[in-house]
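Protein chains in written order, with our numbering: chain B, 1 to 326; chain S, 1001 to 1320.
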């Protein structure tokens, strides 16, 4: 139990807005060991970002309801006080947000924004020590330290994302949550940022949760993969298990791979998933994926969630494989 | 194969410069190509390489600075407003952002109907409404959405409205400006399939502008790579992916993450630096500062865009 850095148990999140209940995250279980990189994959509205925000307790207080447990280094993050939580945020768990263009404060210099985190978590440091640490962080992400006096608008998109990474890594966190860190970037810049993150991850031994919809990046960077759909994890396992085409997969996973244009071979048509992602306020009964599933059966349409079928660490939540084993 | 293909669009030394306080911004610089009827040309490049500006300048949505665009024998760049109106029936565009390119105060039916009204295609409203319904069924939109507003629909459906609007006048040629980049993967595949089906059934010719190389390979016959407004490489889709010549194309291709577990931890050839400014660019190759093979000459002389192999054009001093 203690070997897991992070353990999420039966986590559910509901949002209530104007009386409409959105079930954004439903009974999610996840665990992460030290130094592991987990890819959390899914489309818009799958609940990826909500899951991440719950770990940091950054959800809006009055409209969200959280159930379940989140153990981080043996401590349940959902029950500790706000003061204790503030000591965790940015120091032990930190997050890189999706959009580097809007996540930085435009009226503070880049150096001030990195220094802010360092000072908050290390109040005893002298100003020149903080300043040295800022220089060190900037060098680490490949920005010349003399640029610390510049403002975010003077940086390009890729550079801003590096600043975000420097802020997130400033206190050597044990867990880094990266929410679509490269979506806003061009491919060549994306390659630079991913390479840098991978090197830093190896050097510092940080555990990473990488939230993305890009299976290419997952293949490149992650050890474990969890595929989310309708607020649930429909399939999880090691990278090799989930990406192995000869193994059984959840029909949604197959659909995701079929939707990708393949760069290595030319196909005349893609095989997309029919229909649309359901809104979290209108999730269907039974299996959340059944209205779009090409292999939908009668028992998928109602009742409880399909059973989870495990083959070692490789878990699939689907009736298809449960039947075979019975 | 032997039958002679008709050239539908000819772009000849097209330039588009913008005046900025810091000097001239060379958004599209000396672009020349032709597209045969029924073909798809993919235009690829990173943000700021001038691909959207190129599309808009071809359609005269932006005035050009120099050069010519000839569509079906008529010179678009010299057309009068009246001639342009007629030409627009034949050349259409699908915009990138389905959230911003639809008027929020118009219903789906009004949006698709608008081009029919402007061009006075049908006599009365009833005929127009019939055509709107037909278009909606072509792009796979249910008729019950006729009276809804764009904000009520998701990105995929909104993009279908944009496609229906572009098809309304039965054009010959459509510029697709990043039509799927704002959509989720599963929806992206649906829209790509739709675009390819329409091309076959309606005999359309496309320019497909995108930054996503796997999409472009999937949909294009020929591919043009742009870098800072300049043409870098152009050839057919398979050759470009199998034997890219220009160092920039190579770097671009190696940067694509491939969804296959065997690529785990594989070090891609990562290109250093970032795109430089297109404002008053210095002489020489615009890629020289990031190029691993750059020599003295690259910083002084701009390489010519030449055919180095049959059908394979490249602008690089390495191949001279």
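Virtual Cβ for every residue (Gly too), placed ideally from N, Cα, C.
Any Cβ of chain S closer than 8 Å to the Cβ of residue 257/B would place that residue at the interface, and such an atom is present. DSSP places residue 1066/S outside any alpha helix (DSSP H); the residue lies instead in the beta strand (DSSP E), whose first and last residues are 1066 to 1071.
When C-beta distances to chain B are compared with 8 Å, the residues of the stretch 1039 to 1064 of chain S below that value are 1046, 1047, in chain order. Judged by pairs of C-beta atoms under 8 Å, the stretch 220 to 240 of chain B touches the stretch 46 to 57 of chain B, as three or more such pairs exist.
For residue 1200/S, there is no enclosing beta strand (DSSP E); the residue is part of the alpha helix (DSSP H) that begins and ends at 1185 to 1202. Look at the stretch 225 to 273 of chain B and you find these whole runs of beta strand (DSSP E), each 3 residues long or longer: 232 to 238. By the neighbour-count definition (other C-beta atoms within 10 Å, threshold 16), residue 1194/S is a buried residue. For residue 1156/S, a Cβ of chain B is located within less than 8 Å of the residue's own Cβ.
Distance from the CA atom of residue 1153/S to the CA atom of residue 103/B, rounded to whole angstroms, is 28 Å.
DSSP places residue 64/B in the strand class (E or B) of the three-state scheme.
Counting C-beta pairs closer than 8 Å gives three or more between the stretch 157 to 164 of chain B and the stretch 94 to 114 of chain B, which meets the contact rule. Looking only at 1140/S, 1319/S, 1307/S, the smallest Cα-Cα distance to residue 1033/S is reached by 1307/S.
In the three-state reduction of the DSSP assignment, residue 1105/S falls in the coil class. A contact between stretches requires three or more CB pairs, one per stretch, nearer than 8 Å, and the stretch 1243 to 1256 of chain S fails this requirement with the stretch 1056 to 1075 of chain S. The three-state secondary structure of residue 1018/S, taken from DSSP, is strand. Contact between the stretch 1038 to 1056 of chain S and the stretch 1214 to 1227 of chain S is established, with three or more Cβ pairs separated by less than 8 Å. Residues are counted here when their Cβ sits less than 9 Å from a Cβ of chain B; for the stretch 1083 to 1107 of chain S the count is zero.
When DSSP states are grouped into helix, strand and coil, residue 1131/S belongs to the helix group. Under the three-state reduction of DSSP, residue 1121/S is assigned to coil, being neither helix nor strand.
Per the C-alpha coordinates, the member of 1218/S, 1012/S, 1029/S positioned closest to residue 1208/S is 1218/S. For residue 1274/S, the chain B residues whose C-beta falls within less than 7 Å of its own C-beta are 156, 158, 189, listed in chain order. In the three-state scheme derived from DSSP, where H, G and I count as helix and E and B as strand, residue 98/B is classed as coil.
Under the criterion of beta carbons closer than 8 Å, residue 225/B and residue 237/B qualify as touching, at roughly 7 Å. Contact check between the stretch 1021 to 1038 of chain S and the stretch 297 to 306 of chain B: fewer than three CB pairs, one atom from each, fall below 8 Å, which does not count as touching. Considered as a whole, the stretch 191 to 215 of chain B harbours 207 to 212 as its complete beta strand (DSSP E) runs of no fewer than 3 residues, in chain order. Look at residue 159/B here: in three-state DSSP terms it is helix.
If you look at residue 1241/S, you'll find it in the alpha helix (DSSP H) that goes 1237 to 1242.
Only residues of its own chain outside the window of five on either side were considered, and among them none has a CB closer than 6 Å to the CB of residue 1199/S. For the stretch 266 to 325 of chain B, the continuous beta strand (DSSP E) assignments of 3+ residues that do not extend past its boundaries occur at 308 to 311, 314 to 317, in sequence order.
When 1257/S, 1300/S, 1171/S are compared, the shortest CA-CA separation from residue 191/B is found for 1257/S.
The beta-carbon separation of residue 1092/S and residue 1183/S, rounded to 20 Å, does not stay under the 8 Å limit for a contact. As DSSP reads the structure, residue 17/B sits in a beta bridge with 20/B. Residues of the same chain with a CB within less than 7 Å of the CB of residue 284/B, apart from the 5 flanking positions on each side, are 278, 290, 291 in chain order.
Scanning the stretch 161 to 191 of chain B from its first residue to its last, no whole alpha helix (DSSP H) run of 4-plus residues comes out. Contact annotation, residue 39/B with residue 213/B: C-beta distance approximately 10 Å; criterion of less than 8 Å not satisfied.
Following the DSSP letters along the chain, one finds residue 1218/S inside the alpha helix (DSSP H) bounded by residues 1213 to 1219.
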